[in-house]
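Engineer: Structure below; questions to follow.
Residue numbers (mature numbering (1 follows the signal peptide of the UniProt record, and there is no 0)): -20 to -1, 1 to 603.
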């Protein structure tokens, strides 16, 4: 099952300048420039110093004839190119090292690189670091359109560096140390070790983790890995969920050389996987909080609202879906322009696209909605932002929800209700803000603290009713309490990714988190969110769809398989049971699980969602 968002309680290389004392220096740049107004006729580079031990910082002087007629306005821009210590075929490549074009000597540049401190990896294997002479080659020191495809061109220039005082002539074998070992699926394993260097892009470009178990092999494993210039490794990964279950596995490293379409694997290390906690072993859960997909029915008592598929239309019911009233969202175009996130951006569309709604039965004239908008300066999508508006007079007038100081309307993450109030969540980078109303939107105030959601160590944060698209930040929909402080899921190591649906439940012995689009579809915490443990659900016939995983009041789980068929899993059971299609047809879109009731409508023409909306509900005892 794939990862889905939920709520929880929760450039380039930088070098120092200067030569190393005690080693001979190359001739000065001035002495390399031939006489004549046009300067040298051939490309060259010189190294200063041109000899030294591992870790020597080398100043690179160079000249590219094709660049001497570079426009004056570009003369002070960075000179970025590639360098290979040992040559481009078997050497260590430094991609996009920074230099500076000369403003007074056209075509000349200065840059820096650090001599390798350890062995490196080539398409042919590990290249040892030993005393001796090494070719230093450059390419791609060009400007503008000439950059395209330049890495496949011949070297622009070469020089020689003499490496001395290498401390050891023996290269160690790559290795990994994994802790803890053994561990369960979903558990974080910390990694240390050593491997030869790969390409340097400011820092060594990382390896991928590989995982093999009982004939299954895949990469990358979900995790992070960094490497120092001495080859030392540091990182972590999550033990994956596989059909192989528990037993012996092997974790290793892999690096892909794209130009030669060659992959090299290293450091295969035995690792022991423990059996996870099973669904059948848990106590009967009781639903505390749940949230549905990106276009949910907003329901509070008998007060319900549903965005129509027609732009600018909301359908409202005050009698539990027996009849519906049509409301129109108007008058927000001008204010959305002023806020920098216009809602009337789609060609030929005069009304905003309403993506979701929220209601509070204590205030039947109040509605809270999100509308699709673009960033004004981009003038088109993507990215798309979902922006908040409210009405306190049953849709007669609309206004933006107050924006916290230091945030923009595009930082809005979503509405949710908690403890008899409506909360609007905003996230920018690592900053979180909550605006709160307890009177149906008549007034708002900034919440000083993020409250515990129903006493759980998790909280619905920014709703992933959001399509960030290219250029927009992803506001994860999860806040998780970590050692008594609230953090977004982006700062919690490998926890949850952004997606539009989630559900949260409490078990007698802890809190259960359901993530239908996560590889860890169920997780439990028994220590108020300090740590989480994966719970294994039985395989569903036909495979999980990763779209729906809902819980009803009696603890039953309801999910779809890859073919859209509905199944139910009862507490303590080890297998899913099919739901009769007369109860839940395949051609439905689930909207919301509220207590013992599953609300849904059939997929069909948009006109069916305009006036006479055919909303259905199914009781848990019918499944």
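Beta carbons: idealized from backbone N, C-alpha and C, even for Gly.
Just curious, the beta strand (DSSP E) that residue 227 is in, first and last residue?
Structural biologist: Taking the first residue of the chain shown as 1, we reach residue 227 at position 247. Residues 227 to 237.
Engineer: Among the residues of its own chain, which have a CB less than 7 Å from the CB of residue 545, if the five just before and after it don't count?
Structural biologist: Position 565 of the chain shown holds residue 545. Correct list, in chain order: 522, 558, 566.
Engineer: Quick check: the Cα distance between residue 145 and residue 94, rounded to an integer number of angstroms?
Structural biologist: Numbered from its first residue, the chain shown carries residue 145 at position 165. Numbered from its first residue, the chain shown carries residue 94 at position 114. Cα to Cα, the separation comes out at about 15 Å.
Engineer: In three-state terms, what does DSSP make of residue 323?
Structural biologist: Indexing the chain shown from 1 puts residue 323 at position 343. Residue 323: coil per DSSP, three-state reduction.
Engineer: With 16 as the cutoff for other CB atoms within 10 Å, does residue 602 come out buried or exposed?
Structural biologist: In the chain shown, the residue the question calls residue 602 occupies position 622. Flag for residue 602 reads exposed.
Engineer: For the alpha helix (DSSP H) that residue 316 lies in, which residues bound it at each end?
Structural biologist: As a working note, residue 316 is residue 336 in the chain shown. 313 to 318 is the extent of the alpha helix (DSSP H) around residue 316.
Engineer: Express the C-alpha separation of residue 423 and residue 600 in angstroms, rounding to a whole number.
Structural biologist: Along the chain shown, read from residue 1 onward, the residue named residue 600 stands at position 620. Along the chain shown, read from residue 1 onward, the residue named residue 423 stands at position 443. The alpha-carbon atoms of residue 600 and residue 423 are separated by roughly 38 Å.
Engineer: Quick one: residues in its chain with C-beta nearer than 6 Å to the C-beta of residue 535, no 5 flanking neighbours on either side, listed in chain order?
Structural biologist: Indexing the chain shown from 1 puts residue 535 at position 555. The answer, listed in chain order, is 264, 265, 551.
Engineer: Return helix, strand or coil for residue 341, following the three-state DSSP convention.
Structural biologist: Residue mapping note: residue 341 aligns to position 361 of the chain shown, counting from 1. It is coil, neither helix nor strand.
Engineer: Apart from the five residues just before and just after residue 548, which ones in its own chain have a Cβ nearer than 6 Å to its Cβ?
Structural biologist: In the chain shown, the residue the question calls residue 548 occupies position 568. Same-chain partners within the cutoff: 536, 538, 557, 559, 603.
Engineer: Assign residue 112 to buried or exposed, taking buried as 16 or more other Cβ atoms, counted over all protein chains shown, within 10 Å of its Cβ.
Structural biologist: Start at 1 with the first residue of the chain shown, and residue 112 comes out as number 132. Exposed, because fewer than 16 other Cβ atoms sit within 10 Å of the Cβ of residue 112.
Engineer: What are the boundary residues of the beta strand (DSSP E) that residue 680 is part of?
Structural biologist: The requested residue 680 is not part of the displayed model; the chain covers only -20 to 603.
Engineer: Helix, strand or coil for residue 184? Go by DSSP, reduced to three states.
Structural biologist: Stepping through the chain shown from its first residue, residue 184 is reached at position 204. DSSP places residue 184 in strand when its eight states are reduced to three.
Engineer: What residue does the beta strand (DSSP E) around residue 358 start on, and which one ends it?
Structural biologist: Along the chain shown, read from residue 1 onward, the residue named residue 358 stands at position 378. Note, residue 358: premise wrong, no beta strand (DSSP E); not H, not E.
Engineer: Using the C-alpha atoms, what's the distance from residue 360 back to residue 354?
Structural biologist: Your numbering for residue 354 matches position 374 in the chain shown. Your numbering for residue 360 matches position 380 in the chain shown. For residue 354 and residue 360, the distance between alpha carbons rounds to 6 Å.
Engineer: Restricting to Cα atoms, I'd like to know which of 372, 171, 240 is closest to residue 212.
Structural biologist: For the purposes of this step, residue 212 is identified with residue 232 of the chain shown, where counting begins at 1. The option with the nearest alpha carbon to residue 212 is 171.
Engineer: May I have the straight-line CA-CA distance separating residue 598 from residue 349, to the nearest angstrom?
Structural biologist: The residue given as residue 598 occupies position 618 in the chain shown. The residue given as residue 349 occupies position 369 in the chain shown. So the two alpha carbons sit approximately 26 Å from each other.
Engineer: Could you tell me which of 417, 138, 382 sits nearest to residue 26, measuring between CA atoms?
Structural biologist: Within the chain shown, residue 26 is the residue found at index 46, counting from 1. Residue 26 has its Cα closest to that of 138, out of 417, 138, 382.
Engineer: So, helix, strand or coil for residue 404, using DSSP?
Structural biologist: Within the chain shown, the letter at position 424 stands for residue 404. In the structure shown, residue 404 sits in a strand (DSSP, three-state: E or B).
Engineer: Going residue by residue through the segment 71 to 113, where are the continuous beta strand (DSSP E) segments of at least 3 residues, counting only ones entirely within it?
Structural biologist: For the segment 71 to 113, whole beta strand (DSSP E) runs of length 3 or above, ordered along the chain, are 72 to 81, 88 to 94, 100 to 102, 105 to 107.
Engineer: Below 8 Å between beta carbons: does that hold for residue 131 and residue 241?
Structural biologist: Counting from one through the chain shown, the residue named residue 131 turns up at place 151. Counting from one through the chain shown, the residue named residue 241 turns up at place 261. Against a cut-off of 8 Å, the Cβ pair of residue 241 and residue 131 comes out as no contact.
Engineer: Would you decide whether residue 365 is buried or exposed? Buried here means 16 or more other CB atoms lie within 10 Å of its CB.
Structural biologist: The residue you call residue 365 lines up with position 385 of the chain shown. Answer is buried; the Cβ neighbour count reaches 16.
Engineer: Can you give the Cα-Cα distance for residue 85 and residue 405, rounded to whole angstroms?
Structural biologist: Position 105 of the chain shown, counted from the first residue, corresponds to residue 85. Position 425 of the chain shown, counted from the first residue, corresponds to residue 405. Distance between the alpha carbons of residue 85 and residue 405: 55 Å.
Engineer: State buried or exposed for residue 140, treating a residue as buried only when at least 16 other CB atoms are found within 10 Å of its CB.
Structural biologist: The count along the chain shown starts at 1 and reaches residue 140 at position 160. The residue is exposed, with fewer than 16 neighbouring Cβ atoms inside 10 Å.
Engineer: State the Cα-Cα distance for the pair residue 312 and residue 573, rounded to the nearest angstrom.
Structural biologist: Residue numbering aside, residue 312 sits at position 332 when the chain shown is read from its first letter. Residue numbering aside, residue 573 sits at position 593 when the chain shown is read from its first letter. If you take the alpha carbons of residue 312 and residue 573, they lie about 32 Å apart.
Engineer: Quick one: what does DSSP say residue 208 is sitting in, helix, strand or coil?
Structural biologist: Position 228 of the chain shown holds residue 208. Reduced to three states, the DSSP call for residue 208 is coil.
Engineer: Determine which residues share a DSSP beta bridge with residue 535 and list them.
Structural biologist: Here residue 535 refers to the residue found at position 555 of the chain shown. Beta-bridge pairing links residue 535 to no other residue.
Engineer: Are the CB atoms of residue 225 and residue 190 within a distance shorter than 8 Å?
Structural biologist: Sequence index remark: in the chain shown, residue 190 carries index 210 (1-based). Sequence index remark: in the chain shown, residue 225 carries index 245 (1-based). Not closer than 8 Å, so no.
Engineer: Check this for me: beta carbons of residue 397 and residue 338, under 8 Å apart or not?
Structural biologist: Start at 1 with the first residue of the chain shown, and residue 397 comes out as number 417. Start at 1 with the first residue of the chain shown, and residue 338 comes out as number 358. Their beta carbons are under 8 Å apart, which means residue 397 touches residue 338 by this criterion.
Engineer: Put residue 391 into one of helix, strand or coil per three-state DSSP.
Structural biologist: The residue labelled residue 391 in the question sits at position 411 within the chain shown. Helix, per DSSP.
Engineer: Give every residue of the same chain whose Cβ lies closer than 7 Å to the Cβ of residue 340, excluding the five residues on either side of it in the sequence, and list them in chain order.
Structural biologist: Walking along the chain shown from the start, residue 340 turns up at place 360. The residues are 280, 346, 397, 402, 420.
Engineer: Indicate the three-state DSSP secondary structure (helix, strand or coil) for residue 254 in the structure shown.
Structural biologist: Indexing the chain shown from 1 puts residue 254 at position 274. Three-state DSSP puts residue 254 in coil, outside helix and strand.
Engineer: State the start and end residues of the unbroken beta strand (DSSP E) segment that holds residue 374.
Structural biologist: Mapped onto the chain shown, residue 374 falls at position 394. Residue 374 -> no beta strand (DSSP E), and no H or E assigned at all.
Engineer: Indicate whether residue 395 and residue 362 have their beta-carbon atoms separated by less than 8 Å.
Structural biologist: Reading the chain shown from its first residue, position 415 is the one you call residue 395. Reading the chain shown from its first residue, position 382 is the one you call residue 362. No; because the gap between Cβ atoms is not below 8 Å, this pair is not in contact.
Engineer: Can you name the residues that DSSP bridges to residue 218?
Structural biologist: The residue labelled residue 218 in the question sits at position 238 within the chain shown. BP columns for residue 218 point to 168.
Engineer: Pairing CB atoms from the segment 179 to 188 with CB atoms from the segment 155 to 170, are three or more of them under 8 Å?
Structural biologist: Touching, no.
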